[in-house]
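Residue numbers (this note's numbering), protein chains in the order written: chain A, 1 to 473; chain B, 1 to 332.
Using N, Cα and C, we set each Cβ at its ideal position, and we do this for glycine too.
All values derive from a computational prediction rather than experimental measurement.
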């Protein structure tokens with residue numbers, strides 16, 4: 001072998017050098033090199049409605065037109081959109097053709113570039129397209145929520161309060177979040193009743209409960225490495241309840257020193273105490289998040305878990321018998337908080353968008369109108385044990401789900417005192433913040449370190465002129 | 001050397017008239033088309049064109065979802081050079097580039113030596129007893145798809161339910177209880193490297209076994225008669241006779257280590273504790289698809305390409321220098 005290399009002239013050696021080099025480089029560069037040379041014809045963008053606009057057809061859907069719907073195939077599946085197809089066919093002929101996808105960003109990228117996006121897109125899941133990236137190419141959905149649903153009620157009047165807050169981007173309603181999500185702390189009512197524990201309404205109570213739980217050989221909290229920022233959501237919710245809307249605005253607008261506000265610090269300090277007192281189950285930074293969640297729902301080694309209301313559905317195969325999953329709003333730092341104890345972080349998830357270049361944008365809007373009507377919304381609540389943003393679709397027995405029942409109860413108690421925040425998602429900060437939060441929950445980083453780490457991340461975005469800022473008010 | 005070098009020269013002097021006469025025969029044209037033009041066209045459209053395209057996008061602020069791009073010059077590169085997270089990813093990739101090939105090659109070379117001439121020192125030169133069995137078994141990890149390997153090891157490293165901590169605690173290492181191997185910045189990278197090395201050792205063992213078998217057996221016998229032990233034989237006989245195989249292996253492993261995407265993203269999708277396992281390819285992926293900044297991602301890709309070229313250049317330069325020294329030694 002060495003003999004061969006000696007007689008090879010340099011030209012051949014160089015050729016082999018190139019061959020080897022390009023072989024290895026082709027993959028990483030190829031990954032980022034996707035053709036953008038497609039046609040940019042925006043023919044369909046300003047096309048007038050093909051069908052006649054009427055009371056029953058507010059968007060002018062053409063007769064027998066097909067709706068090309070790409071739906072994220074996650075925890076909720078895609079059958080709830082297929083369900084809407086029956087009503088669509090009855091009214092307009094044609095059908096809603098559902099294509100399930102878990103690679104939204106990868107699969108939709110060439111379609112947006114090529115100018116042939118779908119008529120309806122459920123932009124959700126781990127591979128969703130950042131809203132800022134496509135906001136300019138989306139239809140304003142104001143006409144949808146101003147329209148009447150199939151029962152004749154104006155759609156925006158049929159929704160829970162505050163549900164459209166996260167749908168605005170740069171003054172335009174670019175998406176419609178369909179599924180109601182309530183954030184809070186979740187626990188087993190059975191377990192709490194058996195031990196005589198009461199769920200905490202303040203962080204002082206939470207720490208006291210931590211001591212009792214520890215005496216019973218359990219932990220107060222557990223976490224998984226991909227979901228360490230659930231505790232960030234909890235901390236923000238608690239801080240907003242403690243300090244009011246000023247805190248919400250300061251954080252949402254990425255203000256300087258926003259993480260050092262007294263209300264935020266009060267919550268972070270309490271969390272730091274919980275970490276240093278050993279109320280967190282160790283090892284979370286190396287545990288896959290559903291495995292960690294099973295430590296709470298199945299093994300019951302931890303008794304409280306902060307999450308959105310999808311948790312019941314997500315863990316339904318890994319929940320101990322007679323668990324009676326129940327939720328409470330995030331606790332405030334102190335009993336003298338700005339917002340009442342019932343105040344709740346409620347928002348909507350599963351963002352649906354209608355691209356403005358869609359061939360049948362009217363059909364996309366019509367499909368959403370059907371989904372926001374009673375029959376489809378009730379069907380969703382019944383089959384997914386989650387509520388949509390449409391009010392009054394969940395009966396009092398909540399189809400036998402304690403978690404869904406407590407969701408509705410929390411919403412009713414909160415009334416107008418529900419709030420939301422989404423700056424972490426808008427600016428895509430989760431990946432960076434996970435790193436800091438895993439360190440904090442492991443005890444490697446103290447409260448001061450967490451504060452400066454979080455401030456660095458938000459400062460970097462605020463000072464980056466290339467990022468479009470969304471003003472929170 | 002001179003004779004070998006002269007042969008083609010005389011051939012060249014003779015061939016021109018022959019070549020001229022045969023230039024346009026069907027045979028010759030079809031040969032060119034099938035073996036040169038088609039592969040070259042494929043290479044142009046599938047490798048060179050995407051290369052140039054990526055290089056151009058790296059000079060734009062393309063989001064990835066629009067039909068047009070805004071040209072912004074070298075802004076993306078300036079941004080990257082000031083981006084602490086990206087520089088951290090470059091550092092991690094370079095660490096992998098050094099550590100993974102080194103560990104894998106040393107281990108697989110040692111294994112290859114054991115199964116070829118590490119056996120009993122009486123009788124003919126042979127490997128350990130049962131070496132053919134070891135050779136087959138060591139190849140197994142390479143057959144498992146990388147993604148499956150990643151998932152298996154993620155479970156093995158699990159702090160509370162993992163095999164590793166289970167074994168360690170039962171052996172009496174109390175501190176291993178609930179220890180997050182992939183969740184602690186001081187061990188995450190080492191744990192990841194261990195998985196990659198585990199995967200590749202078997203394959204390179206087989207490769208090196210073949211290289212060693214290519215060395216005349218008389219050399220080993222002569223060395224043994226001269227009193228060389230197994231270690232001396234490995235270092236002075238086997239290694240110098242297979243520099244070509246070692247160098248190719250080093251380059252392939254290095255290029256793989258610069259990628260490493262599958263392993264790191266299965267073991268620690270978010271870049272690991274304090275970004276300790278974040279690599280460039282992961283950063284490219286999240287910048288492009290999560291943040292919608294294809295221009296910036298392309299700039300990262302171009303930098304990765306440059307790093308790869310430099311790495312391969314260095315390996316060849318070092319190989320050449322060593323080769324020259326060896327020749328000088330022989331002359332002396």
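Let's test the definition: count the other Cβ atoms within 10 Å of the Cβ of residue i and tell me whether it reaches 16, buried, or not, exposed.
i                      : result
residue 314 of chain B : exposed
residue 15 of chain B  : Confidence at residue 15 of chain B is low in this model, with a pLDDT of 49, below 50, so its placement is unreliable and no value can be given for it.
residue 101 of chain B : buried
residue 124 of chain B : exposed
residue 423 of chain A : buried
residue 213 of chain B : exposed
residue 318 of chain B : exposed
residue 302 of chain A : buried
residue 119 of chain A : buried
residue 384 of chain A : buried
residue 454 of chain A : buried
residue 183 of chain B : buried
residue 24 of chain A  : Low per-residue confidence applies at residue 24 of chain A: pLDDT is 41, beneath 50, and the placement is therefore not dependable enough to give any value.
residue 11 of chain B  : Reliability fails at residue 11 of chain B, whose pLDDT of 44 lies under 50, so the model's placement of it is uncertain and no value is given.
residue 324 of chain B : exposed
residue 138 of chain B : buried
With residue i as the anchor, note down where its beta strand (DSSP E) starts and where it stops.
i                      : result
residue 85 of chain A  : Unbroken run through residue 85 of chain A is the alpha helix (DSSP H), 79-92; no beta strand (DSSP E).
residue 188 of chain A : 176-188
residue 307 of chain A : 302-308
residue 67 of chain A  : 67-72
The alpha helix (DSSP H) that contains residue i, what's its start and end?
i                      : result
residue 460 of chain A : 447-462
residue 26 of chain B  : 26-32
residue 193 of chain B : 188-213
residue 432 of chain A : 430-442
residue 169 of chain B : 163-170
residue 219 of chain B : 217-225
residue 426 of chain A : 423-426
residue 285 of chain B : 280-285
residue 482 of chain A : The question about residue 482 of chain A has no answer, for chain A in this structure spans 1 to 473.
Given 6 Å as the limit, tell me if residue i has its C-beta closer than that to any heavy atom belonging to the ligand ADP.
i                      : result
residue 413 of chain A : As presented, the structure is devoid of all ligands, the ligand ADP included, so that no description of it is given.
Checking contacts by CB at 7 Å: is residue i closer than that to chain C?
i                      : result
residue 438 of chain A : Within the model displayed, chain C is absent; protein chains A and B are what it includes.
Is the number of C-beta pairs between the stretch 190-199 of chain B and the stretch 149-159 of chain B that are closer than 8 Å three or more?
yes
Within the stretch 81-149 of chain B, ranges of the alpha helix (DSSP H) (whole runs, at least 4 residues)
84-117 and 131-143
Counting only runs of 4+ residues fully inside the stretch 310-398 of chain A, write out the alpha helix (DSSP H) ranges in chain order.
311-314, 361-371 and 374-384
Can you find at least 3 beta carbon pairs, one from the stretch 109-124 of chain B and one from the stretch 229-237 of chain B, that sit closer than 8 Å?
yes
Which full runs of the beta strand (DSSP E) of 3+ residues lie inside the stretch 186-252 of chain A, going along the chain?
219-221
Given 8 Å, three or more beta-carbon pairs between the stretch 141-160 of chain A and the stretch 300-311 of chain A
no
Name, going along the chain, the residues of the stretch 149-173 of chain B whose beta-carbon falls closer than 9 Å to a beta-carbon of chain A.
154, 155, 157, 158, 159, 160, 161, 162 and 165
Where the stretch 214-232 of chain A meets chain B: residues whose CB sits under 7 Å from a CB there
225 and 226
Mind checking the stretch 372-386 of chain A against chain B and listing, in chain order, the residues whose C-beta falls within less than 7 Å of any C-beta there?
none
Evaluate the contact criterion for the stretch 60-75 of chain B versus the stretch 132-140 of chain A: three or more CB pairs, one atom per stretch, below 8 Å.
yes
Quick check: the stretch 319-329 of chain A against the stretch 134-152 of chain A, are at least 3 beta-carbon pairs closer than 8 Å?
no
Between the stretch 115-128 of chain A and the stretch 336-355 of chain A, can you find at least three pairs of beta-carbon atoms closer than 8 Å?
yes
Which whole runs of the beta strand (DSSP E) in the stretch 92-130 of chain A are 3 residues long or more, in chain order?
96-101 and 120-122
Closer than 7 Å between beta carbons: that is the criterion. Which residues of the stretch 267-283 of chain A meet it against chain B?
282 and 283
Closer than 7 Å, Cβ to Cβ, to anything on chain A: give me those residues from the stretch 264-280 of chain B, in chain order.
269, 270, 271, 273, 274 and 275
Okay, do the stretch 32-50 of chain B and the stretch 280-300 of chain B touch, 3+ Cβ pairs below 8 Å being the bar?
no
Does the stretch 80-90 of chain A come within contact of the stretch 30-42 of chain B, defined as at least 3 CB pairs closer than 8 Å?
no
Select from the stretch 93-126 of chain A all residues with a C-beta closer than 7 Å to any C-beta belonging to chain B, and list them in chain order.
105, 106, 109, 112, 113 and 115
What residues from the stretch 308-322 of chain A come within 7 Å of chain B, judged by C-beta to C-beta, listed N to C?
none
Using 8 Å as the threshold, is the stretch 239-246 of chain A in touch with the stretch 219-226 of chain A, meaning 3 or more CB pairs across them?
no
Report the residues of the stretch 133-162 of chain A with a CB closer than 9 Å to any CB of chain B, ordered along the chain.
133, 134, 136 and 137
Contact the stretch 215-232 of chain B vs the stretch 250-270 of chain B: 3+ CB pairs below 8 Å:
no
Taking beta-carbon pairs under 7 Å, can you tell me which members of the stretch 71-98 of chain B lie near chain A?
none
Touch test, the stretch 74-84 of chain A against the stretch 379-399 of chain A, Cβ-Cβ under 8 Å, three pairs minimum
yes
Given 8 Å, three or more beta-carbon pairs between the stretch 430-437 of chain A and the stretch 263-275 of chain B:
yes
Can at least three beta-carbon pairs, one atom from the stretch 396-411 of chain A and one from the stretch 370-380 of chain A, be found at a separation below 8 Å?
no
Is the number of C-beta pairs between the stretch 52-72 of chain A and the stretch 92-110 of chain A that are closer than 8 Å three or more?
yes
Beta carbons nearer than 9 Å to chain A: which residues of the stretch 112-146 of chain B have them?
none
Looking at C-beta atoms only, is the number of pairs between the stretch 198-212 of chain A and the stretch 264-281 of chain A that lie closer than 8 Å three or more?
yes
Cβ-based contacts, 9 Å cut-off: residues of the stretch 163-181 of chain A near chain B
none
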